[in-house]
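Protein chains: 2
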Amino acid sequence: LSGLEWGAETSTAGVREQLFDLHRGERRVPGVFWSPGDGAAPGAAGDLAPRPLVLIGHGGSGHKRQDYVLAVARRFVRHHGFCAAAIDGPCHGDRRDPQRSSERLSLLDFSQLWQSDATMTDEMVADWREVLAALGDDGGVGRGPVGYWGLSMGTIIGLPLVAAEERVGVAVLGLMGLTGPTRERIAADAPRITCPVLFLLQRDDELFNYEAGLALFDALGAADRRLHVNVGGHVDVPADEFAATERFLARHLSAG
Amino acid sequence: LSGLEWGAETSTAGVREQLFDLHRGERRVPGVFWSPGDGAAPGAAGDLAPRPLVLIGHGGSGHKRQDYVLAVARRFVRHHGFCAAAIDGPCHGDRRDPQRSSERLSLLDFSQLWQSDATMTDEMVADWREVLAALGDDGGVGRGPVGYWGLSMGTIIGLPLVAAEERVGVAVLGLMGLTGPTRERIAADAPRITCPVLFLLQRDDELFNYEAGLALFDALGAADRRLHVNVGGHVDVPADEFAATERFLARHLSAG
Chain A
102 LSGLEWGAET STAGVREQLF DLHRGERRVP GVFWSPGDGA APGAAGDLAP RPLVLIGHGG
162 SGHKRQDYVL AVARRFVRHH GFCAAAIDGP CHGDRRDPQR SSERLSLLDF SQLWQSDATM
222 TDEMVADWRE VLAALGDDGG VGRGPVGYWG LSMGTIIGLP LVAAEERVGV AVLGLMGLTG
282 PTRERIAADA PRITCPVLFL LQRDDELFNY EAGLALFDAL GAADRRLHVN VGGHVDVPAD
342 EFAATERFLA RHLSAG
Chain B
102 LSGLEWGAET STAGVREQLF DLHRGERRVP GVFWSPGDGA APGAAGDLAP RPLVLIGHGG
162 SGHKRQDYVL AVARRFVRHH GFCAAAIDGP CHGDRRDPQR SSERLSLLDF SQLWQSDATM
222 TDEMVADWRE VLAALGDDGG VGRGPVGYWG LSMGTIIGLP LVAAEERVGV AVLGLMGLTG
282 PTRERIAADA PRITCPVLFL LQRDDELFNY EAGLALFDAL GAADRRLHVN VGGHVDVPAD
342 EFAATERFLA RHLSAG
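Note that the protein sequences, when read in sequence, are chains A and B. Number 357 marks the last residue of the first sequence (this note's numbering); no jumps. Number 357 marks the last residue of the second sequence (this note's numbering); no jumps.
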């Protein structure tokens, strides 16, 4: 393991936020770690160790600190005293091509990447697993209960991660279906997921076909799986549904 | 209006429970009314008037005081200070044939009734609407926000009620589909429902086909409609899903 290289640290209303990089061979994995502001910094003291950790996968064209990722992370820290971590997706955030003028990728960019790079899923799963291991080495974070939260691209990458990483004991997934370039991979991984899952779909999703989403929900191996469908398009998940995902993860992680 | 004939009153941990009968022509409609134990009895003082009212429709083979109806009613009274009311279904509870030895109907009994009596839905909708009007005359209850909660038979009867009664402003429905003897009636009424709806389905429902349930969710006219699917059979709705229905109704009724 290369270990984590800690960067800038800030604190906002009781939430400490620390940037980090993990170097995995040639790859740089830029991430961010959130913890209660009154806790010790990772590596300094052990009091973060028993806290549950939520891994958050951002959406296509977003990044590790996009608005809703920040909001979700801060809810877990403030309301439950958990830790949270996010990393940039492939070519997203601080992994984007420095030649590109825009800070955000377009959804078309991600779609092309998903289409063209067969190693994308495996490399992202490996990134996440090394980050999880390195956080554990660096203060013991993540040795307690671990949950995953990720929709859309956060499910394209996160579903294989949850299937592969047995330390993830509960997941929020959705806004995705049995479709796309990695359809077969997703279909093979879904039955391997046996931890509790809350799965979200939007009835009028313009990016992912509703029936393909229902099929992915059915393919999950979890005995405790729940489907929540709301009306509206891909980005119209209601605010109180975010609260429901928080309750679902917190209930399982606090009991773990 | 014939008005309500009030019967026995009991009180349990802050919840007052009063039996009533409403006489509508030849029909006797036996019901029960729950209110906060510290509130005035209907007709005595006006302080129940502004409280939200939840109408609860029980399931096939059950009755107005079956365990989960009591539990739902008491939650609304205790947690939110609302009032609640339930009436026996057709040939259920105190409307059952006195010749029958068993207190409970079998599901087969209800299925036969649903099949054979074309007036069942209209008569039950009329029963509910007169009860709602009579509660309003008798202390002003139900002049504030009104919600409906009913699954399975509680949706077979409740969906037409919610479509017909404009004072119902929010509903929890489910465990039913576009199927059965009243399929066409349900299909015609569903688009007329425009209040917010939380709709529940069980993925492995042995009584109602899942796809027919999805079709009924799609047929609802409500702009704000949510679908929650849980695994398991018809009676396996998880306990925390009942809590979700409570939150959903309370959020809308408290804002109303």
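Beta carbons: idealized from backbone N, C-alpha and C, even for Gly.
Q.
So Val332/A contacts chain B; which residues on that side make the cut at Cβ distance below 9 Å?
A. The residue labelled residue 332/A in the question sits at position 231 within the first sequence. Under the 9 Å cutoff, chain B gives Ala323, Ala324, Asp325, Arg326 and Arg327.
**Q.** Span of the alpha helix (DSSP H), counted from its first residue to its last, around Thr287/B
**A.** Your numbering for residue 287/B matches position 186 in the second sequence. A quick correction: the sequence has Ile, not Thr, at residue 287/B. Per DSSP, Ile287/B belongs to the alpha helix (DSSP H) from Arg284 to Asp290.
**Q.** Coil, strand or helix - Arg196/B by DSSP
**A.** As a first step, residue 196/B must be located in the second sequence, where it is residue number 95. In this structure, Arg196/B counts as helix in the three-state DSSP scheme.
Q: Find out if the Cβ-Cβ distance for the pair Val332/B, Asp305/B is shorter than 8 Å.
A: Indexing the second sequence from 1 puts residue 332/B at position 231. Indexing the second sequence from 1 puts residue 305/B at position 204. In this structure, Asp305/B lies closer than 8 Å to Val332/B by Cβ.
**Q.** Identity of the residues DSSP links to Tyr249/B by a beta bridge
**A.** Taking the second sequence and counting its residues from 1, the one referred to as residue 249/B is at position 148. Answer is Leu156/B and Ala272/B.
Q | Gly163/A versus Tyr169/B: straight-line alpha-carbon distance, rounded | A | As a position in the first sequence, residue 163/A is number 62, starting the count at 1. As a position in the second sequence, residue 169/B is number 68, starting the count at 1. Looking at the two C-alpha atoms, the distance is approximately 44 Å.
Q.
Once DSSP output is grouped into helix, strand and coil, what is the label at Pro137/B?
A. Stepping through the second sequence from its first residue, residue 137/B is reached at position 36. DSSP places Pro137/B in strand when its eight states are reduced to three.
Q: Assign Leu209/B to one of two classes, buried (16 or more other C-beta atoms within 10 Å of its C-beta) or exposed (fewer than that).
A: Taking the first residue of the second sequence as 1, we reach residue 209/B at position 108. When all chains shown are included, Leu209/B counts as exposed.
Q. Rounded to the nearest angstrom, how far is the Cβ of Gly243/A from that of Leu233/A, given a contact under 8 Å?
A. Reading the first sequence from its first residue, position 142 is the one you call residue 243/A. Reading the first sequence from its first residue, position 132 is the one you call residue 233/A. Yes, they are in contact, since the Cβ atoms of Gly243/A and Leu233/A sit about 5 Å apart, within 8 Å.
Q: Measure the CB-CB distance between Asp290/A and Ala264/A and report whether it falls below 8 Å.
A: For this step, residue 290/A is matched to residue 189 along the first sequence. For this step, residue 264/A is matched to residue 163 along the first sequence. Yes.
(Q) Using only CA atoms, which one of Val173/A, Leu279/A, Leu274/A and Thr283/A lies nearest to Arg326/A? (A) The count along the first sequence starts at 1 and reaches residue 326/A at position 225. Of Val173/A, Leu279/A, Leu274/A and Thr283/A, the residue nearest in Cα terms is Leu274/A.
**Q.** Range covered by the alpha helix (DSSP H) that runs through Gln216/B
**A.** Here the question's residue 216/B lines up with position 115 in the second sequence. Leu208 to Ser217 is the span of the alpha helix (DSSP H), which, as asked, contains Gln216/B.
Q. So, are the CB atoms of Leu276/A and His193/A less than 8 Å apart?
A. Your numbering for residue 276/A matches position 175 in the first sequence. Your numbering for residue 193/A matches position 92 in the first sequence. No. Outside cutoff.
Q: My understanding is that Trp215/A touches Gly281/A, with C-beta atoms under 8 Å, so please give their C-beta distance in whole angstroms.
A: To locate residue 215/A, count along the first sequence from 1; it is residue 114. To locate residue 281/A, count along the first sequence from 1; it is residue 180. That belief holds up - the Cβ atoms of Trp215/A and Gly281/A are roughly 6 Å apart, short of 8 Å.
Q.
Tell me whether the segment 119-127 of chain B and the segment 220-234 of chain B touch, counting them as touching only if at least three CB pairs, one residue from each stretch, are closer than 8 Å.
A. yes
Q: Determine the DSSP secondary structure at Ile257/B, reduced to helix, strand or coil.
A: Mapped onto the second sequence, residue 257/B falls at position 156. It is helical.
Q. What's the gap between the Cα of Ala146/A and the Cα of Asp195/A?
A. Taking the first residue of the first sequence as position 1, residue 146/A is located at position 45. Taking the first residue of the first sequence as position 1, residue 195/A is located at position 94. Only weak support is given to the placement of Ala146/A: the predicted model assigns it a pLDDT of 41, under 50, and the value that follows is read from those uncertain coordinates. The straight-line gap from Cα to Cα measures roughly 29 Å.
(Q) I'd like to know whether the C-beta atoms of Thr283/A and Gly322/A end up nearer to each other than 8 Å. (A) Within the first sequence, residue 283/A is the residue found at index 182, counting from 1. Within the first sequence, residue 322/A is the residue found at index 221, counting from 1. No, Cβ-Cβ distance for Thr283/A and Gly322/A is not below 8 Å.
(Q) DSSP three-state label for His353/A, please. (A) On the first sequence, position 252 is the one that residue 353/A refers to. If DSSP states are grouped into helix, strand and coil, His353/A belongs with the helices.
**Q.** Three-state secondary structure assigned by DSSP to Glu231/A
**A.** Position 130 of the first sequence, counted from the first residue, corresponds to residue 231/A. Three-state result, Glu231/A: helix.
Q. What separation, rounded to the nearest whole angstrom, lies between the Cα atoms of Leu354/A and Ile157/B?
A. Residue mapping note: residue 354/A aligns to position 253 of the first sequence, counting from 1. Residue mapping note: residue 157/B aligns to position 56 of the second sequence, counting from 1. Cα to Cα, the separation comes out at about 34 Å.
Q. Measuring CA to CA, which of Gly160/B, Arg166/B, Phe134/B and Gly115/B is closest to Gly358/B?
A. Only positions 102 to 357 of chain B appear in the structure, and residue 358/B is not among them; the question remains open.
Q) Should Ile287/A and Leu279/A be called a contact, given that it needs their Cβ atoms to be closer than 8 Å? A) Working through the first sequence from its first residue, we reach residue 287/A at position 186. Working through the first sequence from its first residue, we reach residue 279/A at position 178. Cβ distance < 8 Å, so Ile287/A and Leu279/A count as in contact.
Q) Helix, strand or coil: how does DSSP classify His181/A here? A) As a first step, residue 181/A must be located in the first sequence, where it is residue number 80. Of the three classes helix, strand and coil, the one that applies to His181/A here is helix, per DSSP.
(Q) Between Gly138/A, Ala172/A and Val130/A, which has its C-alpha nearest Glu106/A's C-alpha? (A) Looking up residue 106/A in the first sequence gives position 5. It is Val130/A whose Cα lies nearest to the Cα of Glu106/A.
Q.
Counting C-beta neighbours from all protein chains within 10 Å, is the total for Gly108/B 16 or more, i.e. buried, or is it exposed?
A. Looking up residue 108/B in the second sequence gives position 7. When all chains shown are included, Gly108/B counts as exposed.
Q. Where does Gly115/A land, buried or exposed, given buried means 16+ other C-beta within 10 angstroms?
A. Residue numbering aside, residue 115/A sits at position 14 when the first sequence is read from its first letter. Per the 10 Å Cβ criterion, exposed.
Q: Tell me, please, which residues DSSP counts as bridged to Asp122/B.
A: In the second sequence, counting from the first residue as 1, residue 122/B sits at position 21. Partner(s): Glu106/B and Pro131/B.
Q. In whole angstroms, what separates the C-alpha of Asp341/A from that of His329/A?
A. Looking up residue 341/A in the first sequence gives position 240. Looking up residue 329/A in the first sequence gives position 228. C-alpha separation (whole angstroms): 12 Å.
Q: Could you tell me which residues DSSP puts in a beta bridge with Ala186/B?
A: The sequence position of residue 186/B within the second sequence is 85, counting from 1. Looking at the DSSP assignment, Ala186/B forms a beta bridge with Phe134/B and Leu156/B.
Q) For the putative contact between Cys184/B and Ser136/B, defined by C-beta atoms under 8 Å, what is the C-beta separation to the nearest angstrom? A) The residue labelled residue 184/B in the question sits at position 83 within the second sequence. The residue labelled residue 136/B in the question sits at position 35 within the second sequence. Contact flag correct, Cβ pair sits at about 5 Å.
Q: Measure the CB-CB distance between Leu154/B and Ala186/B and report whether it falls below 8 Å.
A: Looking up residue 154/B in the second sequence gives position 53. Looking up residue 186/B in the second sequence gives position 85. A contact, by the Cβ cut-off of 8 Å.
Q: For Leu308/A, name the three-state secondary structure that DSSP assigns.
A: Position 207 of the first sequence, counted from the first residue, corresponds to residue 308/A. Here Leu308/A sits in coil by DSSP.
Q: Taking the CB atoms as reference points, tell me whether Val269/A and Gly248/A lie closer together than 8 Å.
A: On the first sequence, position 168 is the one that residue 269/A refers to. On the first sequence, position 147 is the one that residue 248/A refers to. It is a contact, given that the beta carbons lie within the stated cut-off.
(Q) With a threshold of 7 Å on Cβ separation, who are the neighbours of Ile188/A within its own chain once the five nearest residues in sequence on each side are excluded? (A) As a first step, residue 188/A is located in the first sequence; it is residue number 87 there, counting from the start. For Ile188/A, where only same-chain residues beyond five positions count, the Cβ hits under 7 Å are Val130, Pro131, Gly132, Lys165, Asp228, Trp229 and Val232.
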